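Notes for the one structure printed next.
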Amino acid sequence: MAVIAGAVINGARVAAAHEGHAELVVNIRYSNGGTSDVPLGAVAAELLMRSCNATTLEQLEGQGWQKVQAALIESHNTHNEREQ
Amino acid sequence: MLDIVIKNGRIVDGSGMPGFVGDIAIKAGRIVQIGRVDAAAERVIDAEGKIVSPGFIDPHTHFDAQLLWDGYAKPSIEHGVTTIVPGNCSLSLAPLRAEHRMKLVGMFNQIEEMPIIAFEKGVVWNWETFDEFLQRIQSDLSINVAPLVGHSALRLWVMGAAADQRAATAAECEQMQDLLRSCLEAGAVGMSTSFVDFDEKMQPVPCRYASTEELDALCATLGEFGRIVQIVHEFYDTDLTIARIDQLAELSLKHGIPTTLSPLFVNAGDFDGVDRIMARIDHQFERGARVWLQVQTRPVDISFCLEVPSLLFIRLPSWYGIIRFGSREDVIAALSDADTRAQLIAEAASMASVWARLRLRQVSTEANQALVGKTLEEIAELRGSTPIDVMIDLSLEEDLQAHFLAADMGHNDVAKVGELLAHPHVHIGASDGGAHILSFSTFGDTGHLFRQFVRDSGALTLEQAVKKITQDTALIWGIPERGLLQTGYVADITIFDAGTIDRGPEYFKQDVPGDGYRYVRDAVGIDTVIIGGAVSYQQDSGYTPAKEGAVLPGPVQAL
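Going down the list, the protein sequences come from chains X and F.
Note that UniProt numbering gives residue 59 to position 59 of the first sequence, counting from 1, and the numbers run on in steps of one.
Note that UniProt numbering gives residue 87 to position 87 of the second sequence, counting from 1, and the numbers run on in steps of one.
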């Protein structure tokens, strides 16, 4: 658990998604030095920027991984609410 | 009397051996002689200066629905493709009970962007079993079809509403095995599944609820026939991809089956991840497993219009703020206001190279139709303006419905992608033919392979490239008597000009049932395509009425 608790955003970049849209790829760095990419769609990316009070991608660096998780969950819920 | 003789072409036979000049004789649908042919023929095709190769095989498509109204799977054949594999990513249109039709249509719509109206207008629902589906399409086939059975379709048939709720019981697993067995006996080439896709309600597709035991059981059934399993893996994550490679390797070794996963993209700045994945693939092949990684030839594009927020603008706070949070009226007002516009243009200067090469994709006014297909730089020259001004002006003129394309934004490192495509354990595929029809064109990847990676970068020789998309594909997928120019083999043949073969520009075409549109590309440099011994397409005269396409591998019995 300690490894996950210490995971932070290492950086973010705009990338071309398989479906032809732009997506935000957030790189997570774990406390053991490992890294992992997490792709976010437009809604999740916006939620992440807002929750981190970020106006630039650089300002995401150092933020905790939980904010990425929360953005993904909220964007999923947003979709479901829209469907209902 | 022979049916067809192809004279004086450079024969690149699909084996990878050097090409040679010669003739090919065809009779009763098969190749009967290769070398010098002097016997008389009903038809002689002069191929001097052209390449004569086996027909190309496209192993990752979603033509399932289109085949119900278009047995050519247009425009695949004109790109030299003679065999397609539909039913990828856990989605097939059979087996399918009547009560589940709209559920599956919803998944096709969500995952592959097939418009629902195309199903409503173009599909007569007169099948349920896999065998009935094959009979339904078989009478009208010009192209060969090697169909996969979708794991989600199997689950829906057996488990009904519970398919996207829970793991299957042991009894349900057995029923799915029996059902899969009947599909394979009817002619399926294998089974597809997915670990990433969502349905129309943004819930995981049914196959994602499967336990490892369920997948293992279904692969055991595939093993009875030596058939392939295709998966969509977590392609955005290197470590998860490696875990899936290991999982597939165990299934391959345990059941004696080939496996394939798709797609793999080369992300800028992450070559290390690609190298780690390939090292794992090599390791598993060394162990004796068959885990074929599919890589597409074409780069990934981004398309957008200013009415919908695109992350392409996330590095431009003023733009993103207006597009993301403003109403349509706010966006139009901001772009129309001289001071705001000046501020936006100043901020956009940091991405000037992106704007210049943006291409205008789609407009609704007649006045701007002539500009479609041009880059903003070209339009700026015509208008005496700048690319960013043109983007704003066109957006205002089109009520924010001017669509732009940022080409080559991903999977675009020619050297690295070329290195991958040439790798002996990489399977060229993942075209997604017939899917995403309102987002981008999935056609012409083979032309792009020859232009970009044979002619321009030299990553592959002509012979290697032909082998990759003919014999290799036929062997990996167990498609019999295809993929090679050899006496006795079925005459599926593509004749092309090695100096010009390419994909044409992307454009919007209205040819989908329900007056729908889709993005397509025309072929460049494809001269003649022969399927089952009949000329199906010629560059000069277009498609013929020939209906010699077959379902491959066709009906079989388990050993």
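All C-beta atoms, glycine included, are put in the ideal place defined by N, C-alpha and C.
Given the structure is predicted, the values throughout are model-derived calculations rather than measurements.
Taking the Cβ atoms as the reference, F:PRO54 lies roughly 5 angstroms from F:GLY483, within the contact range of under 8 angstroms. Proximity of the region 490–506 of chain F to the region 59–70 of chain F falls short of the contact definition, fewer than three beta-carbon pairs being nearer than 8 angstroms. Beta-bridge pairing by DSSP links F:GLN177 to no other residue. At a C-beta separation below 8 angstroms, F:ASN267 has these neighbours in chain X: ALA15, VAL25 and ASP37.
With contacts defined by Cβ atoms closer than 9 angstroms, F:LYS7 and F:VAL44 form a contacting pair. In the displayed model, F:PRO387 falls within a helix according to three-state DSSP.
In this model, F:MET391 and F:ASP413 are separated by some 27 angstroms (Cα to Cα). With the rule of 3 Cβ pairs closer than 8 angstroms, the region 340–355 of chain F does not count as touching the region 29–43 of chain X. Chain-order list of chain X residues neighbouring F:VAL295: empty, with the shortest C-beta distance near 13 angstroms, by a criterion of under 7 angstroms. A Cβ-Cβ separation of about 15 angstroms leaves F:ILE469 out of contact with F:ILE143 under the 8 angstroms criterion. A contact between stretches requires three or more CB pairs, one per stretch, nearer than 8 angstroms, and the region 419–435 of chain F meets this requirement with the region 66–84 of chain F. The beta carbon of F:VAL520 is closer than 7 angstroms to those of PRO75, SER441, PHE443, TYR507 and LYS509 in its chain, skipping five residues each way along the sequence.
About 20 angstroms separates the beta carbons of F:VAL158 and F:LEU134, which is beyond the 8 angstroms limit, so they are not a contact pair. In the DSSP assignment, F:ASP131 falls within the unbroken alpha helix (DSSP H) covering 130–138. For F:SER139, the closest alpha carbon among the candidates F:GLY256, F:TYR72 and F:ALA380 is that of F:TYR72. Collapsing the DSSP output to three states places F:GLN471 in a helix.
F:LEU376 is positioned such that its CB atom lies closer than 9 angstroms to that of F:ALA356. DSSP assignment within the region 58–93 of chain F yields the following whole beta strand (DSSP E) runs of 3 residues or more, N-terminal first: 81–84. By the CB criterion at 9 angstroms, F:HIS427 and F:ILE476 fall inside the cutoff.
Secondary structure note for F:VAL414: it is in no beta strand (DSSP E), and the uninterrupted alpha helix (DSSP H) holding it is 414–422.
Comparing alpha-carbon positions, the option among F:VAL274, F:SER541, F:SER262 and F:GLN539 lying closest to F:VAL196 turns out to be F:SER262. Within the same chain, Cβ atoms closer than 6 angstroms to the Cβ of X:LEU72 are found at ALA44, the five residues on either side in sequence being excluded.
For the set F:GLU548, F:THR528 and F:LEU67, the Cα lying nearest the Cα of F:LYS50 is the one of F:THR528.
The secondary-structure analysis by DSSP pairs X:LEU40 across a beta bridge with X:LEU24. Around F:SER439, the same chain offers GLU113, SER303 and TYR519 as residues with beta carbons nearer than 8 angstroms, after the five sequence neighbours per side are excluded. Under the 9 angstroms criterion on CB atoms, F:GLU113 is classed as interfacial with respect to chain X. Counting along the chain, F:LYS7 sits inside the beta strand (DSSP E) bounded by residues 2–11. Counting of Cβ neighbours within 10 angstroms places F:PRO505 among the exposed residues, the total staying below 16. Cα atoms of F:GLU224 and F:LEU559: separation of roughly 7 angstroms, rounded to the nearest angstrom.
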